[in-house]
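Residue numbers (my numbering): 231 to 388. Where a beta carbon is used, it is the ideal one built from N, C-alpha and C, also for glycine. None of these values were measured; they are calculated from a predicted model. Take a look at the structure set out below.
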């Protein structure tokens with residue numbers, strides 16, 4: 231009976247955890263995500279881009295990959311200045327220093343989602359793969375470029 235109740239409890243708890251992921255999520259290893267969102271592909275394009283804030287309250291770690299059922303090709307990118315011109319470059323990982331925050335935002339680190347079929351208002355499940363922390367699955371709303379959901383800016387200290 232106890233095993234049966236545990237089997238029922240896991241999906242219920244997981245659904246509550248995923249329900250608020252566009253706003254913030256915690257990992258036991260000290261990773262907190264906030265303002266997770268995706269901008270859909272521009273008209274005539276097939277590449278979306280995901281942004282978020284990652285607060286690392288635990289040991290230094292690295293975000294090394296992101297995956298989703300909406301695309302078989304997702305890459306971590308950044309912008310670098312080369313000869314006075316900003317260029318986008320793929321990176322192998324994003325350093326998450328202990329006690330610091332890293333913003334994945336336009337003109338900086340971000341997640342490129344290639345060949346993606348998504349529209350405004352969709353919710354996309356993303357799985358973030360960290361070098362040492364457990365994978366984290368979040369639900370990201372697809373929003374207009376520059377738009378954030380109400381309540382995404384400040385979550386106070388948890």
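Candidates 337, 370, 262, 297: closest to residue 287 by CA position:
Numbered from its first residue, the chain shown carries residue 287 at position 57. Among 337, 370, 262, 297, the Cα nearest to that of residue 287 belongs to 262.
So what's residue 316 in DSSP terms, helix, strand or just coil?
The count along the chain shown starts at 1 and reaches residue 316 at position 86. Of the three classes helix, strand and coil, the one that applies to residue 316 here is strand, per DSSP.
Please report the residue range of the beta strand (DSSP E) in which residue 371 lies.
Along the chain shown, one-based indexing puts residue 371 at 141. Here the beta strand (DSSP E) through residue 371 covers 366-371.
If you follow the beta strand (DSSP E) that residue 340 is part of, which residue opens it and which one closes it?
Translated into the one-based positions of the chain shown, residue 340 becomes position 110. From DSSP, the beta strand (DSSP E) with residue 340 extends over 340-344.
To the nearest angstrom, how far is the alpha carbon of residue 252 from that of residue 305?
One-based indexing of the chain shown puts residue 252 at position 22. One-based indexing of the chain shown puts residue 305 at position 75. With a pLDDT of 47 at residue 252, under the threshold of 50, the modelled position of that residue is not reliable, and no figure is offered here.
Pair every Cβ in the region 329-338 with every Cβ in the region 283-297, then say whether three or more of these pairs are closer than 8 Å.
They touch, by the three-pair rule.
Less than 7 Å separating the beta-carbons of residue 363 and residue 302?
Residue 363 sits at position 133 when you count from the first residue of the chain shown. Residue 302 sits at position 72 when you count from the first residue of the chain shown. No, these two residues do not count as a Cβ contact at 7 Å.
Span separating the alpha-carbon of residue 337 from that of residue 308:
Walking along the chain shown from the start, residue 337 turns up at place 107. Walking along the chain shown from the start, residue 308 turns up at place 78. When rounded, the distance between both Cα atoms is 7 Å.
Closest to residue 349 by CA distance: which of 326, 321, 374, 298 is it?
Working through the chain shown from its first residue, we reach residue 349 at position 119. Cα-wise, what sits closest to residue 349 is 374.
Rounded to whole angstroms, what is the Cα-Cα separation between residue 299 and residue 346?
As a working mapping, residue 299 is identified with position 69 in the chain shown. As a working mapping, residue 346 is identified with position 116 in the chain shown. One C-alpha to the other measures close to 9 Å.
In chain order, what residues of the same chain have a beta carbon less than 7 Å from the beta carbon of residue 335, not counting five sequence neighbours either side?
By 1-based counting over the chain shown, the position of residue 335 is 105. Around residue 335: 281.
Could you tell me which residues DSSP puts in a beta bridge with residue 358?
Taking the chain shown and counting its residues from 1, one reaches residue 358 at position 128. DSSP output for residue 358 lists 296, 366 as bridge partner(s).
On the DSSP bridge list, what partners appear for residue 267?
Mapped onto the chain shown, residue 267 falls at position 37. DSSP, once it has assigned bridges, lists 281 as partnering residue 267.
Boundaries of the beta strand (DSSP E) in which residue 272 is found, first to last residue:
Residue 272 sits at position 42 when you count from the first residue of the chain shown. Premise fails: residue 272 is in no beta strand (DSSP E) and is neither H nor E.
My output table needs one value for residue 306: the three-state DSSP class, helix, strand or coil.
For this step, residue 306 is matched to residue 76 along the chain shown. Looking at residue 306 - three-state DSSP - the assignment turns out to be strand.
Is the beta carbon of residue 294 closer than 7 Å to that of residue 359?
On the chain shown, position 129 is the one that residue 359 refers to. On the chain shown, position 64 is the one that residue 294 refers to. Yes, Cβ-Cβ distance for residue 359 and residue 294 is below 7 Å.
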